[in-house]
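Asks: I have a structure here, written as C-alpha cells, and I will follow up with some questions on it.
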Amino acid sequence: MDDPISNAPTVDEYGDPSWEPVVLCPCITWKEFELWLQHNEGRFRRWAFEPLEDGTDNGQVVIYSLPTETHERTAHRVYRSIMRQICRAGNDHHLDDSLFCGSPTCKIGDLGQEADLALTPVGLSVGGPILQSSRGFAFPNVVVEIAYKNDSLPRLRAKLARWMSDETSVQVAIGIKIFPTSLNRTAILRLRGPPAQVTHVAFGAARPGPLQIVFPLVKCLLFGISS
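Residue numbers are given in the working numbering: position 9 of the sequence shown equals residue 9, and the series is strictly consecutive.
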C-alpha cells in the first residue's frame with residue numbers, strides 16, 4: 001500500500017491506483033481488539049474494525065492505507081484553517097486553549113474506527129446529547145478524515161456518514177480526498193442537521209491558497225460544554 005503508484009495492480013473508477021486492503025486480523029471481538037490496542041498503542045494506524053456476517057460479535061481488522069506525510073500534512077492544514085478562523089473571530093471563548101487534538105478510538109454501532117484528527121473540548125463528558133464512543137469517553141465534536149492512495153471517495157463518504165449518524169454526537173465531519181494521479185482534491189464538510197456541503201478545489205498548484213473549511217465555531221466546537 002506504500003508502493004509507487006505505477007505498481008498498483010488495479011485502477012478504480014476515478015482512474016486512481018488501487019491495492020487490496022490488508023487484513024490485520026481475520027476474526028476477533030471488539031473487546032479483544034481494544035485490549036490489543038492498549039498494548040500496541042500507536043503501532044498501527046488507519047485501521048477499521050468491520051463486523052463479520054456470521055451472527056456473532058466477531059469482526060475483522062482491516063487496513064486500507066498506511067499513514068503518510070500527505071495524510072499528516074493535509075490534516076494539519078485543516079487544523080490550521082480552523083485555528084485561523086478562531087483567531088479571526090477574536091477567540092473570546094479561548095477556544096485555542098480549550099480543545100484537545102488527537103485520534104481517539106471510536107466504536108459506531110458494530111464498526112470501529114479512528115479519525116485522522118479529532119477535536120474535543122476539554123471537559124466534555126458522556127451524558128445527555130453527548131454519546132459514548134469507546135472506553136467510556138465521549139465522541140469528539142469535530143473529526144477529520146483524509147483519503148489518499150487506496151482509499152476511495154465512496155469509502156470516504158461512507159466514513160463521514162457514519163461519523164454523522166444518530167449513533168454518535170459528532171457535530172462536524174470533514175473529509176479530504178486527494179487523487180494521487182491528478183492535481184484534484186475534494187473537500188467534504190458535513191454538519192449535524194444540514195446536508196453535506198461538497199467543494200471541489202485544485203490541489204498541487206505551485207502556491208495553493210489556504211484551505212477554507214467554514215462552520216459555526218463556538219456552536220460546534222463547544223457543543224456539550226456548559227457556558
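Ideal placement from N, C-alpha and C gives every residue a C-beta, glycine not left out.
Assuming L131 and L99 make a contact with CB atoms under 8 Å, what is their CB distance in whole Å?
Replies: L131 to L99, Cβ: 19 Å. No contact.
Asks: Touch check for the segment 109-127 and the segment 137-144: three-plus C-beta pairs under 8 Å?
Replies: yes
Asks: For the segment 82-91 and the segment 16-36, state whether three or more C-beta atom pairs, one from each stretch, are separated by less than 8 Å.
Replies: no
Asks: Does the distance from the C-beta atom of P154 to that of L111 stay below 8 Å?
Replies: Taking 8 Å as the Cβ cut-off, P154 and L111 do not qualify as a contacting pair.
Asks: Who are the Cβ neighbours of I82 in its own chain at under 6 Å, not counting the five residues just before and after it?
Replies: Within the same chain, I82 has no close Cβ partners at all.
Asks: Kindly provide the ranges of any beta strand (DSSP E) runs that are 3 or more residues long and lie completely inside the segment 20-50, ordered along the chain.
Replies: 22-29
Asks: Does the distance from the CB of I146 to the CB of I176 come in under 8 Å?
Replies: A contact, by the Cβ cut-off of 8 Å.
Asks: Around the Cβ of A205, are there at least 16 other Cβ atoms within 10 angstroms (buried) or fewer (exposed)?
Replies: Note on A205: pLDDT 48, under 50, position unreliable in the model; the coordinate value appears next. It is exposed - the Cβ of A205 has fewer than 16 other Cβ atoms within 10 Å.
Asks: Run through DSSP, which three-state label would P216 get?
Replies: coil
Asks: Please list the segments of the beta strand (DSSP E) lying wholly inside the segment 64-105, counting only runs of 3 or more residues, in order along the chain.
Replies: Qualifying beta strand (DSSP E) stretches, in chain order: 99-102.
Asks: Quick one: residues in its chain with C-beta nearer than 8 Å to the C-beta of T181, no 5 flanking neighbours on either side, listed in chain order?
Replies: I5, G15, D16 and P17
Asks: State the Cα-Cα distance for the pair R43 and S65, rounded to the nearest angstrom.
Replies: The alpha-carbon atoms of R43 and S65 are separated by roughly 14 Å.
Asks: Measuring only the C-alpha atoms, how far is H39 from W163?
Replies: 26 Å
Asks: Mind pulling the alpha helix (DSSP H) runs of 4 or more residues that sit fully within the segment 151-193?
Replies: 153-163
Asks: I'd like the list of long-range same chain contacts for V22, defined as Cβ closer than 6 Å, with 5 residues on each side in sequence excluded.
Replies: I63
Asks: Given this structure, state the Cα-to-Cα distance separating P9 from V218, to the nearest angstrom.
Replies: 46 Å
Asks: Beta carbon of V170, beta carbon of F215: below 8 Å?
Replies: no
Asks: What three-state label does DSSP hand S6 in the structure shown?
Replies: helix
Asks: Looking only at its own chain, which residues have a Cβ that is under 6 Å from the Cβ of G59, when we skip the five neighbours before and after it?
Replies: F49, E50, P51 and L52
Asks: Starting from S18, follow its DSSP beta bridges and name the residues at the other end.
Replies: Within the DSSP secondary-structure output, S18 pairs in a beta bridge with T10.
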